[in-house]
Amino acid sequence: MIIVHSHDHRQHLQVPTKPKFPSEAREAHPRSSEANIPSLTGDKWEVYLKLLLDGLTEGEALTQVGLSRYCCRRMILTHVDLIEKLLQYNIHERKNKET
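As structure tokens, then:
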């Protein structure tokens, strides 16, 4: 663990160092076991959009949906909803026009 001192020397920030070996990962970072647990985010998209329409900020909506880890939050924040655009294209209709 590396300790970084702030400018006013009253606050200290502890930064975890990268483990040298994979077996040290769990000991080096207390939340590493939680980071390996997959979390579903797809079922939260519609609820997230509704909360945004109700006037909540992105951060408030993500917290209310139950996404607290930054890795899960980024999945929702960076999602591009393309399904409606993709459904407009019918590959079978295109094949019928070509023949």
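With full-length UniProt numbering, the residue at position 11 of the sequence shown is 11, and numbering never jumps. Note that the Cβ used here is the ideal one computed from N, Cα and C, for glycine as well.
Environment of residue i [buried if 16+ CB atoms lie within 10 Å]
i	result
Lys44	buried
Lys97	exposed
Thr57	exposed
Tyr48	buried
Leu67	buried
Leu82	exposed
Bounding residues of the alpha helix (DSSP H) (the contiguous stretch that carries residue i)
i	result
Gly59	58-65
Arg94	91-98
Val47	45-53
Arg74	70-77
Leu40	Note, Leu40: premise wrong, no alpha helix (DSSP H); not H, not E.
Leu86	83-86
CB contact flag (residue i, residue j, <7 Å)
i	j	result
Gln64	Leu77	no
Arg73	Leu86	no
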